[in-house]
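Engineer:
Protein chains: 2
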Amino acid sequence: MKPGPLLTIFATILVFTGMTATADSPIAIAIHGGAGTISRSTVTVEQEQAIRAKLLEAITTAYQVLENDGDSMDAVISAIKILEDSPHFNAGKGSVFTWDGKNEMDAALMDGASLDAGAISGVANIANPIVLARLVMQKSKHVFLSGDGAVEFAIEQGLEKVPDKYFFTERRWQQLQDFKNQPELAAAEPQYRIGTVGAVALDRKGNLVAGTSTGGTTGKRYGRIGDSPIIGAGTYANNRSVAVSATGAGEFFIRGTVAHDISALVEYKGMTVDDAAREVIFEKLAALKGDGGVIAIDRHGNISMPFNTEGMYRASIDTSGKVKIMLYGEKAETK
Amino acid sequence: MKPGPLLTIFATILVFTGMTATADSPIAIAIHGGAGTISRSTVTVEQEQAIRAKLLEAITTAYQVLENDGDSMDAVISAIKILEDSPHFNAGKGSVFTWDGKNEMDAALMDGASLDAGAISGVANIANPIVLARLVMQKSKHVFLSGDGAVEFAIEQGLEKVPDKYFFTERRWQQLQDFKNQPELAAAEPQYRIGTVGAVALDRKGNLVAGTSTGGTTGKRYGRIGDSPIIGAGTYANNRSVAVSATGAGEFFIRGTVAHDISALVEYKGMTVDDAAREVIFEKLAALKGDGGVIAIDRHGNISMPFNTEGMYRASIDTSGKVKIMLYGEKAETK
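One line per chain: the protein sequences are E and W, in this order. Numbered per the numbering used here, the first sequence spans residues 1 to 335. Numbered per the numbering used here, the second sequence spans residues 1 to 335.
(1) Should residue 83 of chain W go down as buried or exposed, given a rule of 16 or more other Cβ atoms within 10 Å for buried?
(2) Using 8 Å for Cβ pairs, my map puts residue 157 of chain W next to residue 218 of chain W. What's the rounded Cβ distance?
(3) What residues from chain W crowd round residue 244 of chain E, counting only those whose CB sits closer than 9 Å?
(4) For residue 366 of chain W, I'd like the list of residues in its chain whose CB is within less than 6 Å of its CB, leaving aside the five on either flank, ordered along the chain.
(5) Do residue 199 of chain E and residue 62 of chain E count as a contact pair if the criterion is CB distance below 8 Å?
(6) Is it right to say residue 224 of chain W is buried, meaning 16 or more other beta carbons lie within 10 angstroms of its own, or is it exposed?
(7) Could you give the distance in angstroms between the alpha-carbon of residue 201 of chain W and the alpha-carbon of residue 298 of chain W?
(8) At 8 Å on the CB atoms, spell out the chain W contacts of residue 257 of chain E, in chain order.
(9) Out of W:250, W:296, W:286, point me to the one whose CA is closest to residue 262 of chain W's CA.
(10) Residue 143 of chain W touches chain E at which residues, Cβ-Cβ below 7 Å?
(11) Closer than 8 Å, Cβ to Cβ, to anything on chain E: give me those residues from the region 144-157 of chain W, in chain order.
(12) Mapping the DSSP letters down to three states, classify residue 350 of chain E as helix, strand or coil.
(13) With contact counted as at least three CB pairs below 8 Å, one residue from each stretch, are the region 239-253 of chain W and the region 246-257 of chain E in contact?
(14) Smallest Cα separation from residue 322 of chain W: which of W:76, W:142, W:303?
(15) For the region 231-243 of chain W against the region 151-169 of chain W, are there 3 or more C-beta pairs whose distance is under 8 Å?
(16) Closer than 8 Å, CB to CB, is residue 297 of chain E near chain W or not?
(17) Taking only beta carbons into account, state which residues of the region 172-186 of chain W come closer than 9 Å to chain E, listed in chain order.
(18) Give every residue of the same chain whose Cβ lies closer than 7 Å to the Cβ of residue 112 of chain W, excluding the five residues on either side of it in the sequence, and list them in chain order.
(19) Mind checking which residues open and close the alpha helix (DSSP H) that includes residue 218 of chain W?
(20) Between the Cα of residue 146 of chain W and the Cα atoms of E:74, E:136, E:104, E:97, which residue gives the shortest distance?
(21) Sorry if obvious, but does the Cβ on residue 182 of chain W come closer than 7 Å to a heavy atom of the ligand FAD?
(22) By the criterion of Cβ-Cβ separation under 9 Å, what are the contact partners of residue 116 of chain W in chain E?
(23) Please list, in chain order, the chain E residues whose beta carbon lies closer than 8 Å to that of residue 109 of chain W.
(24) Check the DSSP bridge columns for residue 243 of chain W and list the partner residues they point to.
(25) Can you tell me where the alpha helix (DSSP H) with residue 263 of chain E in it begins and where it stops?
(26) Label residue 125 of chain E either buried or exposed according to how many other C-beta atoms from any shown protein chain fall within 10 Å of its C-beta, with 16 as the threshold for buried.
(27) Taking buried to mean at least 16 other C-beta atoms within 10 Å of its own C-beta, is residue 336 of chain W buried or exposed?
(28) Using a Cβ cut-off of 9 Å, pull out every chain E residue sitting near residue 135 of chain W, in sequence order please.
(29) Name the residues in the region 262-278 of chain E whose C-beta lies less than 7 Å from a C-beta of chain W; which are they?
(30) If you compare alpha carbons, which of E:332, E:136, E:230 is closest to residue 222 of chain W?
(31) When you compare the CB positions of residue 120 of chain E and residue 229 of chain E, do they come within less than 8 Å of one another, or not?
(32) Just mark residue 42 of chain E as buried or exposed, buried being the case when its beta carbon has 16 or more other beta carbons within 10 Å.
(33) In this structure, how does DSSP classify residue 101 of chain E when only helix, strand and coil are distinguished?
(34) Would you mind stating whether residue 212 of chain W and residue 108 of chain W have Cβ atoms separated by less than 8 Å?
(35) Under 7 Å Cβ to Cβ from residue 57 of chain W, same chain only, skipping five residues before and after it: list those, please.
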């Protein structure tokens, strides 16, 4: 949202009367592009370069929004849109195929200041599901829309349908064929779903926002809904605690209510965001035999990005402005 | 689940060696049939008698399961099936109509011992959505299925489709017409969604289970998903803390991650189930301007049933065997 005239006048008064405006929080942001079997042996040099470049583009674009006193909501959406527009991630353009050869996407967005939220599931032919999630949050009395109905809502709100071919990528199509030939093998292999994207940010007003977008899992059937659009599972933000976006085997993140659990450990047990995120990923999620990771940020701008898989595409710019772009585990990354 | 031969032999050995089996937890159960503008002026004597009778039937049937050393899972499902089969509640047979004149139902089930869960959304022509939720939990690798795909899964698992007319009730059909004529008026009136059903139970093994089933809101559009099938929002169970089922304006329960928040306050802040449930309903949900209520039970069998509406259809049998059947606020109830 852009500040209205009234807000501008109000801010001007604050400046003229010598008061500090609320623009005094540190700013920070983290993004992810999926967790899984990511190592130097499974990623080609070309893939690695392309993914690093896209993560860098997304995080610097979003950080500029924050630097220019923009909202964390706009920052999160700008990062996710860039990742949705890239064929390298399982979201938007690069989404995996369902059993029926379609691309059906899930996304969610949550505002830590108001606890407003918008989520969508099973949405086809929408280029940027995260933009639709924002429209649900802002323009619908509902929080969570799904399927053809959500697309109908998108059209009413002025979004355009893009043709099926927009979402066609040879790699993802081949993965569906592999999955149909050897479903058990492919199901066990995170490559077949890797690439869910997400972002969490803290803006100068001290507001936390979280967003997540995904194509789900290759060969998904029966209208499967994963954790990404579930507020409290794959996506959660609360100014009292943290903003979290998750990626991994969604079913376990739902059962673990992972994103809200991290928030609750911070708010109710007084844990640091890093201790809370690590406990949930390495202890509680692992106990359920679930694999994946999260990005989390607290209201002071502290960032945590734990994962119990081999790697996780991730990037951050912390409160001191330090940029990190990483694909593998810490040790492999610094080789 | 019935005990298999091996378990029977094992239990027999325990008895013969004089050891106490695990069958030593107190048992207790609570159910709800919706929260809203329920008062002696809005409910006819006939409605009241029918609703009280059905709540009594559901809770005594479920309690007998627990008394006979049955699982809390079977107890919860037996109660919810009875309420789904009644035209008096907004679940199963008595479900409200969507904008398009259909009956599309949501349900969820969670096992506090394993954190296993099953959920469905937007499912038509299935008489007992809670049974389908259990099949998702037990027979699918996924946790959450939706729409036509969920129905396809139901058929594969041997459930039968019932015709549209099974779900036709004159009262609900008239509510849809009212809603179409005066959508704002009807949307503000909880009568148009009242009747979500749910159950929480503690069995002799000390296992907690929660389940919820609903037809959603009258005139719902765009594939709207409410809180009932969202693990952590409308339904949650964890043997470390509590089992919770919610009813009310679903969007607020999603934003408040109500069910998991009550669990987290008990587990992480050491609050009693009643203090936790009351704080979430009267403070946090009210701050979001959300209305509704929950039933919650902890691992000792303590029951809490707070609501911030005028009334909530509810019933409980506590650890001492005391039966309560209530529709209105405490004061109005004891008149």
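Beta carbons are placed, not taken as given, at the ideal position from N, Cα and C, and that holds for glycine.
Structural biologist: With the given structure in hand:
(1) buried
(2) The pair is not a contact, with the Cβ atoms about 30 Å apart (cut-off 8 Å).
(3) Result: empty, since nearest Cβ-Cβ is about 12 Å, beyond 9 Å.
(4) The structure shown does not extend to residue 366 of chain W, since chain W spans only 1 to 335, so no value can be given for it.
(5) yes
(6) buried
(7) 9 Å
(8) 231, 232, 236, 257, 260
(9) W:296
(10) 251, 254, 255
(11) 144, 145, 146, 147, 148, 149, 150, 152, 153
(12) A question about residue 350 of chain E goes unanswered here, because the residues of chain E that appear run from 1 up to 335.
(13) no
(14) W:303
(15) no
(16) no
(17) none
(18) 207, 208, 209, 237, 238, 239, 243
(19) Careful: residue 218 of chain W lies outside any alpha helix (DSSP H) and carries neither H nor E.
(20) E:104
(21) The ligand content of the structure shown is nil, which means the ligand FAD is not present either.
(22) 255
(23) Correct list: empty, because the minimum Cβ distance to chain E is about 12 Å.
(24) W:237, W:297
(25) 258-269
(26) buried
(27) Here chain W comprises residues numbered 1 to 335, so residue 336 of chain W is not present and cannot be evaluated.
(28) Chain E residues near residue 135 of chain W: none, gap ~11 Å exceeds 9 Å.
(29) 264, 265, 268, 269
(30) E:136
(31) yes
(32) exposed
(33) coil
(34) yes
(35) 82
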